[in-house]
Structure formats: C-alpha cells, structure tokens
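Undergrad: Before anything else, here's the structure in question.
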Amino acid sequence: MSDLFDTATAAERRAATLLLNRLRSSDPITRANLNAAMVEGYGGTDADGFWTQRDSFEILEHALAHHLQFGPYPLRSLDDVGAACDLLDRLPTQTVRSEDQIEWQQFSTPVDLAAIAVLLANIQSDDIILEPSAGNGLLVAHCRDFAALQLNEYAPARRARLADVFPDAVVTGHDGATINSTLAAAPRPSLILMNPPFSRSVGLGADAHAAVRHLQAALRRLQTGGRLVAIMPDWFGPNARMRDLFETTLRDVSVQTSVRLEKCYLKHGTSIAVRLFVIDKVPGKTIPATIQRSSIRDLIGALTIHDRAVLGAPLAPAPKRSSSPSLFRAMKSNRAQPRPYHAPVRNNVLPVQYTPLDTPAPLLDQVGVYLPYRPSRITFEAAGEHPTALVESVAMGSIAGPIPAYVPNLPERTVSERLLSASQLETVVYAGHAWDQFLPGKFRPAKEGVGLEEAPDGRAYRMGYFLGDGTGAGKGRQVAACILDSWLAGRRRNIWISKNEALLEDARRDWTALGGLAADIQPLANWKIDQAIPLEQGVLFVTYPTLRSARGDHSRLQQIIGWAGEDFEGVIGFDEAHEMGGVAGGEGALGKKEGSQQGISGVLLQNHLPGARVLYASATGASDVNNLAYAVRLGLWGPETAFSNREQFIAGIRKGGIAAMELVARDMKALGLYTARALSFAGVEYEILRHELTREQIAVYDAYADAWGIIHRNMERALELTAVVDGLENATLNSGAKASARSRFESTKQRFFGQLLLSMKLPTVIAAAKAHLAAGQSVVLQLVTTAESILDRRLGDLSPDERANLEIDLSPREYV
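Oh and the sequence shown: position 608 is 1498 in the numbering used here, straight run, nothing missing.
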C-alpha cells in the first residue's frame, strides 16, 4: 500500500510542477492546460480513472500555494492587491465538486481575498501565526516576515500538501472547533488567519453554526492583544435573527473592520456572499459600519489597515483566595486553607473526584437562624469554596443528604480553575444521583388533564431534582453544569426553559464560562411554530410564554416533543420554575381559578418525556405548596407515598401551613432531591438614609393630595351619573363596575405618590452617592422599576405624526 501512496504523491508533484511553470509565465491557465498537466503527471486520463476533475483543481491550488511562496508580486500596500486580482483572472473556474469537498467544506480562499486578509492582518516580525483550517494554504501563503507558523487541517490529503509547501511550519490535524484544548501545548498565536467551514462540523455533519464554533475556539486560543482575521458566512452579522449570537461571540473583543463581499467566490464555483472581519483581542468597542462591495477591486480603496494592539501577558490561572477572615467569626479556626492547584496543559474530560463521608460532616457554629453551609456527605479533592459564604436554615442544615454514588464527568479546568465551587459541584453530583433513580410504578399521560395514570404497560419515569438556591448562589451556572455533564455523556440534546428571552444571554454566559460555545444554545424562536426543528444537537432555549403558545393545529409544546423524541434522556432545566406555579389553579378574588397554561404546558412536557432528566431551579420552592404542584418528578404523591394524587398532597400540606412545607423540604433533602442555600449576610451593616422634606416639597405634596381629593369626589359623582351607584339611596347598582373603578383609582394613586416620593428623595440619594464615590467606595443603585412597559404602551398609542415629533411625559404628572 505504501508504494501506491508514494506513486500518487509523485504524480501530484509532477503535475504541480508543470502547473507551477505555467503560473510563473503571464499566460492564463485554461481547463485544457490543467487537464494536460494532470495527464502528463499521472500518466493517464481521468476517463481511465487515474484522477478526477476535482483532483485537478486540488493540484492547481497546491501549485498556486508554491507559486505564492516565491512572492510573484509585492504585498506591501492595498494597491498591490490588484496583482492578486490579475492572477485570479488567469485561473480556470472550478466547476466540479466532490463528496469529500462538500463533506469537509473545502472551499479555499481566492487569492485576491487572501491578499486583502493578509494585508489587514498587519503582520509583525515577531508574530506566531495560526491558521486553524488551512486547506491547501492559499491564505497563509501570502504571509511574509513572521516568527513561527502553525497550520491545522483535518483532511489528510490537504494536510500532506501543507507539509510539502511549508516545511518549517508545525502542521497538525485536529478539529478546528477544538483547537483551544487540542493545541494547548503549543505557543499561543499572536495572529490567526481563518476561513472555517461554514456548515459542517466534525462528528456533527450538517451544522449551521460550524463557523461560529471555529471562531469562538480561535478567539480563546489567541493571545490577549492579538489579531484575528476571519472569513465568515454572510448570515454572521447583526441581523435580527443572529444578533444575540453575533454580539455574544464578539462581546469581549474589538472589531476593527467589517466587510461584506458578493461574488468573490465565482472562480471557486459558488456565488455566495461572505463577510470579512478584522478582530483585536482587546476590550470591546462599537462595531464599525459594514463596508459592502461586489468585488475585491471595488473594495481596495475603501479599506484602512489598522495598527496592531500591544500584546498582553498570557492568561494567568485563577487567583488564590485571599486570606482575609470569614464573615463567620466562629469559623476562623475551622476553615481549611485553599488547596494549591496547577492549571492543566489540556482540558480533558475527567471524573470529578470526591470522597463520600459515612459520618456526616459536623455542623458549623450557628449564626442567628442560619448555619454556615458545607457539603454534608462528600469532600471534593480539588474544588474550592464558593466565592461568597453560603448559609442554610438551621432546620435544613441539621439534615444530612444521602451518600451519593454518582460521579459526574466534567472538563478538568472546571474543577482545577474553580469555575464551579464545591457547593455547585455538589448539585451536579446529587442531580445525577437523583436521575439514576425512577419513580415507583409505571405510568402513561392521562387522556385529559395533566395527571399520570398507572398502567402495567406504561413507562418508568425518571426522578427529578430541585435546586432551591437563593440569589447569588449561581443557579444558572449550576443548570449549565448539569447540562454539560449530560452533554459530555453523549446526550447532545437538552432543553433550557427560562422566564424570558432576555435571559438567553445569561444562559450563554454560564454555558461558555464552563467551556461550551454560545452557538450550542439556540432559542426556539429561531424556528416557526409549524416547522420541524432542524437542530441536530444543542441546547434548546425556551421561554415559558413560548412554551404555552399555539397557533391553529400547531403548538410549541408538540414542536419541542417532536424534536426531543420519545426516547429523550437529556436534561430539561426549568430555570425560574415558579413560573409554572399556577398549574394547580386555586381560589382567587373572583372565585375558582383554572390552572395556568404555562404551568400546564410545563407539566405536559414532563409527562411526554419520561426519560428526561428534570431539574427544577427556583428560590421559592418551599414558600407555597403551589410552587411544588408542577414538580411531578419528586415522588411527593403517587405510589408508595402518603398521598394518592397531587390534589390530596396540596390539600394536606396546605392545612399544615409553612411548617408542613418545611417538613417536605427536609424530607426531600434527606432523599437527595433538594438543596436550598442562600448568600450569607453576616457582617453586613444597614444604615437608613433619611431625607428631610423641604417646605417646597411639602407644599407640592399637599397640592397633589388636594388634587387627588377632587378627582376622588368627581369619580363618585361619575359613578352616580353612569348608574353604577344610586345617588338618592347611596346603594350600589353594579358592584363589579364600582369595584373596578375604585381599584383602578387606588392603584393609580399609589403609583403616582410612589413616584412623587421617590423623586423627592433623590437629592439626598445623589448627595450620598457622590460622598461615597469621593471616598473611593462603590455605589450600587437598585432600580425597582424602569417604566419600560409604560413607555412601550405610550409608544404603541402614538400616531405616525406624533412619532415624528416625539414628546412623551413619563413623570407622575401623567396620572393626574
């Protein structure tokens, strides 16, 4: 076999040499010239099976890379790109594609576009250059005067040609989307040139976001202050559909140049448009306006070569925790020092090492009604403490969890660089421990309602887990960690459900912090409600309002179930799970209420995916029994429990009040199904900032109070005139209308005086903030309301003429 390969290599070299001689002349290369060189080099024709038309274009690019290495034209300024355009005009159009070319997305960079990219890169003599998807080397072949060259190409045949053209380069064959870890042992590049595959990924096949995965990996690999020049698909821009992904990917960098080019790939057999970005890895700034042209010749005069940023030091490992005393003074003598650690060279997926404790860890000293939190049954070998001290109630802290058997697998830096604290890792362990169990009995979804019916021919339902941490404990990071553990176990379809679309950015932030790619999380809103979701793998981001939506015969719920498949075993993360709290209905001010549609949809999703790993995340899990009515996977009712169904559970626990809810929470923790921790406020001091009303403010308040008195009297008169109240007998004739009018009046009055009092306090608040800033202290102001919904309503009521002369008053005066 080796002799055959040697023969093929020799034939390639003979054909490439003939084409190289032709390139050095000023004559064009026609298809006839190309075929003649291939026949002479291979000793036979394509009809005889010696080579294919696709092979001829590959050998032409190989010869072209050799030719560019000798500098056939200077490339010192943008005016020199004209010579590259002339060279491209001499080449034949590539009209044949092979299955391998489509499979590996092998569309090389045209020489004129490559020349522009290299000039915009502004290469320095000490640059370490990396091309993550180097192809046949047409892009990097233009580079001159650099320190080192790293070329990565997954396709073996092209990789072999790279080694022939660039003998001094380090040539590797990894997936370009993983270079941040697979090339971890190599020096970090200061300049990256890339033309990634647009819609295919290694191991994934069709992947609409392949180019973004490669770009994100390259940005992580690049030195701080380095430059990256990327040729990207046309859809990667600040358009309505991809804005979130675009802005997330480029959030922490500076885009120096943004170009959109049409018809620049005609010589390579496609008319697609592409975008060219020049990116510096320095703190972000406003993305410049996109320059649009139809050809490279038209583009030359519109570009500017920007100066390079100063290279920063390599990224340091996470700093050690300070040795300042804990907020819990009684813990000073008991707390162990942080373990020393060393950042790994690679980021391999490894089991999270921990030691189970047969005897629960001793309780720490109580502070008020809280206990300092510590994992009760496990000790991690490398994980650090949570950045801020955590506590749990004395009642919960006195209960130890079960000894877990589940061992999660996560990237080693997740633990060694303390991207997850010990408390957060404990959640991943216990969630996996719960998901290895199943509810007693077999069930199938009820034909009506949201219940489950016992059935011998039904399916077993996997147990769920409830994360009840408060604000600041990092629920989003823990949801991401649980999904990542599932992802790395091969379950590449997962669902993340949250309160609104604005939280998509938070989900991507937590996911990418653990090593994922922002493109892995895709919002359901990307697809129409009657469209099958084409996402082969990823985390589907869904909001509760979207989950309940339907149109005609189509619903989002059925769309999600269809994408997941009946054998779905991935994670369904119900972030802000209390949004489903109304599933059980109940008694309202106007009588009995039906269950909320988003709560019903959430329960139906669980009912139709029995193998799903359900994770509930809410800080209000134990505050009201309705906040557990949607938690059908915790085994709180049904076989082998004290309650035959959910209704009995709710009625029984409601009678016991908050004490019964506390018992439920304690029992769930003892079973390893519930965790509830909160930030410690030990050591926090409160001081009331008092504002003394001035005489002018008192006069303003009194004037408005008198005005509201007039409004109130006029409202009562209006009720009489509209026959809501009988003016003679003072009897109510329409109680509903009267209650509605008075409710509207009182709520408007309260909002008015709330805003009025807030505005009166501002002089004192502003003065105090300035004093703290002058003393070098930080000031954090919490906005209770931003009036966004009011503004949206007011804008929606405006006519086109009013919008042209916009004048909106959102002050308290609008209520009067």
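Even for Gly, the Cβ is constructed at its ideal location relative to N, Cα and C.
Let me check understanding here. Comparing Cα to Cα, which of ASP1017, ASN1516, ARG1607 and ALA1053 lies closest to PHE1036?
TA: Closest by alpha carbon: ASP1017.
Undergrad: Can you tell me which of the three DSSP states ARG903 falls into?
TA: The answer is helix: DSSP assigns ARG903 an H, G or I state.
Undergrad: Report the rounded CA-to-CA distance for SER1216 versus GLU1307, giving the unit in angstroms.
TA: Interpretation of SER1216 is limited by its pLDDT of 36, a score under 50 that renders its predicted location unreliable; the figure taken from the coordinates is listed afterwards. So the alpha carbons of these two residues sit roughly 21 Å apart.
Undergrad: If you check the beta carbons only, do ARG1567 and ASP1359 fall under 8 Å apart?
TA: Going by C-beta atoms, ARG1567 is nearer than 8 Å to ASP1359.
Undergrad: Does the beta-carbon distance from SER1491 to LEU1437 come in below 8 Å?
TA: Contact flag set, yes.
Undergrad: Considering just the uninterrupted stretch of the alpha helix (DSSP H) at ARG1303, what are its terminal residues?
TA: Note, ARG1303: alpha helix (DSSP H), 1302–1306.
Undergrad: From ALA849 to ASP1197, what does the alpha carbon distance come to, in whole angstroms?
TA: Because residue 849 is not part of the residues shown, which for the chain are 891 to 1706, the question remains open.
Undergrad: Identify which residue in PRO1046, ALA1047 and LEU1039 has its Cα closest to the Cα of PHE1056.
TA: It is LEU1039 whose Cα lies nearest to the Cα of PHE1056.
Undergrad: Name, in chain order, the residues that DSSP records as bridge partners for ASP1396.
TA: None; ASP1396 has no bridge partner.
Undergrad: For TYR1520 versus MET1470, is the C-beta spacing smaller than 8 Å?
TA: Yes. Within cutoff.
Undergrad: For the beta strand (DSSP E) containing THR1147, name the first residue and the last one.
TA: Note, THR1147: beta strand (DSSP E), 1144–1151.
Undergrad: Does the beta-carbon distance from ALA906 to ALA974 come in below 8 Å?
TA: Not closer than 8 Å, so no.
Undergrad: Could you pull out every residue in the same chain whose Cβ sits closer than 6 Å to the Cβ of ILE1423, ignoring the five residues on either side in sequence?
TA: The residues are TRP1417 and TRP1453.
Undergrad: Given this structure, state the Cα-to-Cα distance separating GLN1449 from LEU1430, to the nearest angstrom.
TA: Distance between the alpha carbons of GLN1449 and LEU1430: 11 Å.
Undergrad: For the beta strand (DSSP E) containing ASN1580, list its first residue and its last residue.
TA: Checking the sequence, you will find Arg at residue 1580 rather than Asn. Per DSSP, ARG1580 belongs to no beta strand (DSSP E) and is neither H nor E.
Undergrad: Distance check for PRO918 and THR935, CA to CA, integer angstroms please.
TA: Looking at the two C-alpha atoms, the distance is approximately 22 Å.
Undergrad: Rank ILE1013, TRP941 and GLY1159 by C-alpha distance to the C-alpha of GLN984 and give the top, closest one.
TA: Checking every option, the nearest Cα to that of GLN984 belongs to GLY1159.
Undergrad: Can you say whether ARG1229 is buried or exposed, counting buried as having 16 or more other CB atoms within 10 angstroms of its CB?
TA: Only weak support exists for where ARG1229 lies, its pLDDT of 40 falling under 50; the coordinates are left without a value.
Undergrad: Which same chain residues end up closer than 8 Å to GLY875 when comparing Cβ atoms and leaving out the 5 residues on each side of it in sequence?
TA: This structure cannot settle anything about residue 875, because the visible part of the chain is limited to 891 through 1706.
Undergrad: Taking the CB atoms as reference points, tell me whether LEU1253 and LEU1240 lie closer together than 8 Å.
TA: Cβ atoms of LEU1253 and LEU1240: not closer than 8 Å.
Undergrad: Helix, strand or coil for ARG1078 per DSSP?
TA: Correct three-state label for ARG1078: coil.
Undergrad: Can the beta-carbon of ALA1321 be found less than 8 Å from the beta-carbon of GLY1274?
TA: No. Outside cutoff.
Undergrad: As an exercise, report each continuous alpha helix (DSSP H) stretch of at least 4 residues that is fully enclosed by the region 1161–1198, in chain order.
TA: As far as the region 1161–1198 is concerned, its whole alpha helix (DSSP H) runs of at least 4 residues are 1186–1189.
Undergrad: So, is PHE1642 buried or exposed, given that buried needs 16 or more other C-beta atoms within 10 angstroms?
TA: By the 10 Å Cβ count, PHE1642 comes out buried.
Undergrad: Please classify HIS1064: does DSSP put it in a helix, a strand, or coil?
TA: Note: HIS1064 maps to coil in three-state DSSP.
Undergrad: How many Å lie between LEU1041 and ALA1024 at the Cα?
TA: Each residue's Cα considered, the two are about 6 Å apart.
Undergrad: Beta carbon of VAL1461, beta carbon of ASN1517: below 8 Å?
TA: Against a cut-off of 8 Å, the Cβ pair of ASN1517 and VAL1461 comes out as no contact.
Undergrad: Considering only residues of the same chain and omitting the five flanking positions on each side of HIS1099, which have a CB-CB separation below 6 Å?
TA: Around HIS1099: ALA1409.
Undergrad: Consult DSSP for PHE869 and reduce its assignment to one of helix, strand or coil.
TA: Coverage of the chain is limited to positions 891 through 1706, which leaves residue 869 absent and any answer about it impossible.
Undergrad: Could I get the ranges of all uninterrupted beta strand (DSSP E) runs contained in the region 1333–1358, with 3 residues as the minimum, in chain order?
TA: Listed in chain order, they are 1333–1335, 1342–1344 and 1355–1357.
Undergrad: At which residues does the alpha helix (DSSP H) containing VAL1001 begin and terminate?
TA: It spans 1001–1011 - the alpha helix (DSSP H) in which VAL1001 sits, taken as one unbroken run.
Undergrad: Which residues does DSSP pair with ALA1321 in a beta bridge?
TA: The partner list for ALA1321 (beta bridge, DSSP) is empty, contrary to what the question assumes.
Undergrad: For VAL1284, I'd like the list of residues in its chain whose CB is within less than 8 Å of its CB, leaving aside the five on either flank, ordered along the chain.
TA: Within the same chain, VAL1284 has close Cβ partners GLN1256, VAL1259, TYR1260 and LEU1261.
Undergrad: Of the choices SER1266, LEU1280, SER1015 and GLU1271, whose alpha-carbon is the least far from that of GLY1291?
TA: The shortest Cα separation from GLY1291 among SER1266, LEU1280, SER1015 and GLU1271 belongs to SER1266.
Undergrad: CB ARG1334 to CB ARG1352, shorter than 8 Å?
TA: Against a cut-off of 8 Å, the Cβ pair of ARG1352 and ARG1334 comes out as no contact.
Undergrad: Label MET1286 either buried or exposed according to how many other C-beta atoms from any shown protein chain fall within 10 Å of its C-beta, with 16 as the threshold for buried.
TA: Result: buried.
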